[in-house]
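Participant: Submitted below is the structure of interest, expressed as structure tokens.
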Amino acid sequence: MERRIGVYVCHCGANIAGTVDVEQVAEFAKGLPSVVIVRDYKFVCSDPGQDLIRNDIME
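20 is the number of the first residue of the sequence shown in this note's numbering; add one for each residue after it.
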């Protein structure tokens, strides 16, 4: 079975995004082997963030 990796980079509001360039991390992840989807989202732990991951898995 082919490995298919999704990378979800959380901004955590300004907690992470205030220190880390999340867009650059996401862009870097796109070039990693087996990565098929990369998303950066403000609050991955929120219900909409979890729905985003769930929907990507279902596709």
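For every residue, glycine included, the Cβ atom is placed at its ideal position computed from N, Cα and C. Bear in mind the structure is a predicted one, so any value in this text is a computation, not a measurement.
So what does DSSP say about V63, is it helix, strand or coil?
Facilitator: Within the sequence shown, numbered from 1, the residue matching residue 63 stands at position 44. Three-state result, V63: coil.
Participant: For C31, which option in K61, D70 and Q43 has the closest C-alpha, if you only look at C-alpha atoms?
Facilitator: The residue you call residue 31 lines up with position 12 of the sequence shown. Residue K61 is the option with its Cα nearest to C31.
Participant: Among all the DSSP beta bridges, which residues are the ones paired with C29?
Facilitator: To locate residue 29, count along the sequence shown from 1; it is residue 10. Answer is Y60.
Participant: My output table needs one value for V39: the three-state DSSP class, helix, strand or coil.
Facilitator: By one-based count along the sequence shown, residue 39 stands at place 20. It is coil, neither helix nor strand.
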